[in-house]
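Trainee:
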Amino acid sequence: MSTNSTVTESLQRAASELLSDVNIAVIIGYGRNGESPFSHPEFVRKPEDVERLVFDDRCFGNLAVYLSKDAIRRMGKIGIVVKGCDLRAVNVLLREHVVKREDIVLIGVPCTGQGDPLPHKCSVCEQRNPQGCDIVVGDPVEQPQINAEQKYSDAADIDAKSIEERWEFWSGQLSKCIRCYACRNVCPLCYCKRCIIDKTIPQWIETSAHLRGNVAWNVARAFHLTGRCVGCGECERACPMDIPLSAINQKMAQLMEEWFDFQSGLSSDEKAPFTTFSMDDSDTGIL
Amino acid sequence: MLKLTIDGQQVEVEQGKTILDAAKLAGKEIPTLCHHPAVPPAGACRICVVEIVAGDRPGLVPACAYPAKDEMEIQTRSERVLESRRMTLQLLLARSPGSDVIRQMAKEHGIKELPFPEQTGENGDDCIMCGLCVRLCQQIIGASAICFDGRGPDRKVSTPYKSQSDVCLGCGACAFVCPTGAIDPADYCPNPIEKIPNEFNCGLDSRTPIHIPFPQAVPNKPFIDRENCIRFRTGGCGACETICPAGAIDYDMTDEFVEEEVGAIIVATGYEIMDPSIYEEYGYGRYPDVVTSLEFERMVSASGPTNGELTRPSNGKPPMSIAFLQCIGSRRETGGKPYCSKICCMYTAKHTILYKHKVHDGQAFVFFMDIRAGGKNYDQFVRRVVKEKQATYLRGRVSKVFPRGDKLVVRGADTLSGTQVEIAAEMVVLVAAMVPSSGVRELSQKLRVGYDEHGFLLEAHPKLRPVDTNTAGVFLAGACHSPKDIPESVAQAGAAASKALGLVCHTRLSREPTIGVVDESSCNGCFECEGVCAYGAIGPREIKDKKGNVLATVAFINEGLCQGCGACAATCRSKSIEVQGYRDDQLFAAINAIHR
Amino acid sequence: MTQQTSDSSEQSEWQPRIVAFLCNWCSYAGADLAGMSRFAYPAAIKIVRVPCSGRVDPMFVIKSFEQGADLVLVSGCHPGDCHYTSGNYHARRKLLAFRELLTFLGIDPRRFKISWVSAAEGAKWSSLVKELTAEVKELGPFETYSKILTGENGR
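First to last, the protein sequences are chains A, B and C. Read in order, the letters of the first sequence are residues 1470 to 1756 in this note's numbering. Read in order, the letters of the second sequence are residues 718 to 1313 in this note's numbering. Read in order, the letters of the third sequence are residues 722 to 876 in this note's numbering.
(1) Going along chain B in order, which residues have a C-beta closer than 7 Å to the C-beta of residue 778/C?
(2) Under the three-state reduction of DSSP, which class applies to residue 876/C: helix, strand or coil?
(3) How is residue 1303/B classed by DSSP in three states: helix, strand or coil?
(4) Three Cβ pairs or more, each shorter than 8 Å: is that satisfied between the stretch 1166–1186 of chain B and the stretch 1208–1223 of chain B?
(5) Report yes or no: is there a C-beta of chain B within less than 8 Å of the C-beta of residue 772/C?
(6) With 8 Å as the threshold, decide whether the Cβ of residue 1671/A is near any Cβ in chain B.
(7) Can you give the Cα-Cα distance for residue 729/B and residue 776/B, rounded to whole angstroms?
(8) Below 8 Å on the Cβ atoms is my guess for residue 1554/A versus residue 1577/A; work out the distance and round it to an integer in Å.
(9) Skipping 5 residues on each side, what residues in its chain have a beta carbon closer than 6 Å to that of residue 1582/A?
(10) Do you know whose CA, among 1691/A, 1711/A and 1486/A, lies nearest residue 1642/A's CA?
(11) Do we get a CB-CB distance below 8 Å when we pair residue 1650/A with the residues of chain B?
(12) Cα separation between residue 838/C and residue 1527/A?
(13) Give the DSSP-derived three-state secondary structure of residue 1474/A in the structure shown.
(14) Output, in chain order, the set of chain A residues within a Cβ distance shorter than 9 Å of residue 801/C.
(15) Starting from the beta carbon of residue 1244/B, find every residue of chain A whose beta carbon is closer than 8 Å, and list them in chain order.
(16) Taking a Cβ distance cut-off of 9 Å, strictly less, list which residues of the stretch 1709–1722 of chain A are near chain C, in chain order.
(17) Please return the same chain residues whose Cβ sits closer than 8 Å to the Cβ of residue 718/B, not counting the five positions on each side in sequence.
(18) Are the CB atoms of residue 744/C and residue 772/C nearer to each other than 8 Å?
(19) Per DSSP, what are the beta-bridge partners of residue 836/C in this structure?
(20) Quick one: which residues of the stretch 1216–1239 of chain B get their C-beta closer than 7 Å to a C-beta of chain A? List them in chain order.
(21) Let me see if you follow: with CB-CB separation under 8 Å, is residue 1663/A close to chain B or not?
(22) Determine the chain C residues that contact residue 1311/B at a beta-carbon separation under 8 Å, and present them in chain order.
(23) Express the C-alpha separation of residue 990/B and residue 1014/B in angstroms, rounding to a whole number.
(24) Between residue 750/C and chain A, is the shortest Cβ-Cβ distance under 8 Å, so that the two count as touching?
(25) In terms of residue numbering, what span does the beta strand (DSSP E) encompassing residue 804/B cover?
(26) Helix or strand or just coil, what does DSSP make of residue 731/C?
(27) Let me know the secondary structure DSSP gives residue 739/C once reduced to three states.
(28) What is the DSSP secondary structure of residue 970/B, counted as helix, strand or coil?
(29) Is the CB of residue 781/C under 8 Å away from at least one CB in chain B?
(30) Going by DSSP, name the residue or residues bridged to residue 1144/B.
(31) So which residues of chain B does residue 1743/A contact, with C-beta pairs closer than 9 Å?
(32) Beta strand (DSSP E) containing residue 1153/B: first to last residue?
(33) Shorter than 8 Å from the beta carbon of residue 808/C to some beta carbon of chain E?
(34) Roughly how many whole angstroms lie between the Cα atoms of residue 1007/B and residue 978/B?
(35) Residue 831/B: which of 844/B, 1157/B and 814/B sits nearest, CA to CA?
(36) Three-state secondary structure (DSSP) at residue 1245/B?
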């Protein structure tokens, strides 16, 4: 949980080699301005600029979000620095044909967590050593065993409430939503050219920042990510109104794991639960 | 070409052919025992001797082995030939008095007396030492498992040291080719002799690896069962290639996968007979004289395992009494099929007629529940069977079939007289239920055609669209849809064919317009829609610029295949798919109307 | 259907409104059969016909609540009988998961029902509607949503 100068050096070296040897158009990685508490994304195109790349314990941000941008895809072959959580998002992008595997170079970084104190998502991370990357910079780190209770604890806190208490909680939270769509913009898996919120003929979801529309928006967002969300937590981190979006995402991820033994993003050729079915799926709760 | 005269008739053969070949061409029959077209000749039995009168050294020679020569004159039935043949037969008959083949041949040659003592009992030996089996095993099969062992009167066909053979393949070719049926490979082959059951005859007899599956097969050509064929198993044999006069056998042929793009598919996968062994009370599989109706059909068929002779499997004699038990497995709410198999009442009546035809003094009984004879002239047919006493019809179910002595007792009810009856029958035919062909479920899943709990394929509408399925372009005909007989199957086949033609004969296909349409400008190309489409109607479409560079790959819906269910529209997150007639705005309008 | 003015709706007793999405081949035909067989059922139910239960996007449920539905029903063919082979299997997964999402947010799951009604089940349809109407009458109007509509409690 400190600045990792050796990893940064290996990263810069690997990036430099990639840019000189293998005809990569751009490398997407993390950069830092001095002592700023956050990293920012760097798009390095020339070998001499690789010193702008860093990796440490304040590399928040899921860089996979850039893989779906046309402007970047049009540049050519892309190298991208990925932590374990980011790699899961890349796997979903691969299975949804957003990028082709041969068009990206995955630069994996073993990660013991970002931030201090460690956010919940890092304390339950099962992908500290990203698998299946083209290059891994840095030595493998210890991977502790995680149990399901820990993974979905934010959702469990809500589940412990009664229906009325839950509505009390969520109507309060969702009233705060200002419909900035930061959650959508920062999510790597929200890549639709025309989001459902932008569809006006007919209008699916009201656009004004009023509870009725806010509920519809947040329900749609959560449901469109069900079976896809990888739990990178960026949506919650980006939300300017501190709405606990992770709890909702966790609930749906827990459901997918319990019902269909499915976790999103562990490989790029998995079958999403909503595009498959089993004749033996449960009928519990159906009249 | 060589010119020969055989019994005064001129014939031409190629160099290298034998006198026997020439005689065959000339239409002259010469009897043989140790000759087989696939095996090199040995001239061992001397039955085929003929007399050379000119063109070579005069005398008796074996026709099967002696080469034809130019200007030869042959007599096949001169006094000298006939005397020699008779002597040979008398010797053979003395050696093998038990052999039907030798006895028949002797009878044909007018042999009544035997000047030699008959070797009966243990001394008798059906083996005539012709060596066909040995030559076949050595030169054709290539296993060399058997040979001639011993000398003089002790000479016998045997394995080395009369021990169990290490190399015998159990192919049974020696038994197949033996003219008297004297050899049994089970005597020296440690491996079980696997007879290949003839599938078309319900396993009642066996077949060779190269075979025509059934008499009216289309195409009516033999094919090789590679798993059992010796050529493929060991590299030996190859007899079929040797004797095929058309040179049609090519061992290098392999199975091919043929891909065809078609506009319509007609499913006509037919039916099978249910296996009645689950009904232990009827003894199928336990008592050899209990057979299914399909097995009976094959037994009475002239092309069947017994060439049409109806014999009891237990003792080979014709059954003087026979009981047909209808509705085995059909019309049962539990423990069988709930439906009526439709064809059985009629074919059982036919079977009773066939039975009486084969066994004039036999007595047939039919246990029935109802007679279903609804087709044209069908009822008259059954009534005729009853009236002309072809069979005694008893209305009742059978509770049990059990042996008594060498007969089978069929215990059932006769509800019309209100009594229990017991019939002692020499054969029992279980008229088993009709079920769809096995493997049809996997096929129908591939074709996206529905099927019911029995495996019968689902029609689009039971009254108005009996040959369509719910999948466009796939039609049904015959018993795969429901039990039916030949005229109905033919009619349905005609209907399905005309429906298929109706699809392809137009230049334009008209269909319901309530199908999905993709908005290519907003489609992201994630293809989750493709995953949920039950009809495979969604595929990729490349959007290219004027130079041909691919700008994007979006989803595309095939108008011919889409059935308009809307699963794709519900799955699409960007709402880039609309189902005409059930568009989002139309459904929202319906929802919005509720508060008015 | 006569239009009610806002005055009369305040004065008369609250009538529950159930929006039902019925698949054309099974549930809609079953409702049709109920009608032909003269099985009576309450008029609280407003039917929206869809080709298949798989056509139903779960957001339709939210839309229905927003428009004033007190209960939403989605009904399709029994599993294995879908006219389009697999539409109802997809619907089953999505709708059951969606109901969990709503429950998680505090939206009463009793307000969202899912059923399988076949084309032969006219009797089942009418007794289902009677049952649901009675249930929703007991639950009362769907205030979670109606309060958002009227902007009460400052929300």
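We treat Cβ as the ideally placed atom computed from N, Cα and C, and that holds for glycine. Every value quoted in this text rests on a predicted model; they were computed, and no experiment measured them.
Mentor: Quick look at the numbers:
(1) 1287
(2) Bear in mind that the predicted position of residue 876/C carries a pLDDT of just 43, short of 50, making it too unreliable to give a figure here.
(3) helix
(4) yes
(5) yes
(6) yes
(7) 21 Å
(8) With a Cβ gap of about 12 Å, residue 1554/A and residue 1577/A do not count as contacting.
(9) 1591
(10) 1711/A
(11) no
(12) 55 Å
(13) helix
(14) 1748
(15) 1565 and 1566
(16) 1716, 1717, 1720 and 1721
(17) 729, 730, 731 and 732
(18) yes
(19) 796/C
(20) 1239
(21) yes
(22) 738, 740, 767, 785, 788, 789 and 790
(23) 12 Å
(24) no
(25) Element bounds for residue 804/B: not the beta strand (DSSP E) but the alpha helix (DSSP H), 796–812.
(26) A caution first: residue 731/C carries a pLDDT of 49, below 50, which makes its placement in the model unreliable, though a value can still be read off. The answer is helix: DSSP assigns residue 731/C an H, G or I state.
(27) strand
(28) coil
(29) yes
(30) 1039/B
(31) 1245, 1248, 1249 and 1288
(32) 1151–1153
(33) Among the protein chains in the structure shown, which are A, B and C, there is no chain E.
(34) 47 Å
(35) 814/B
(36) helix
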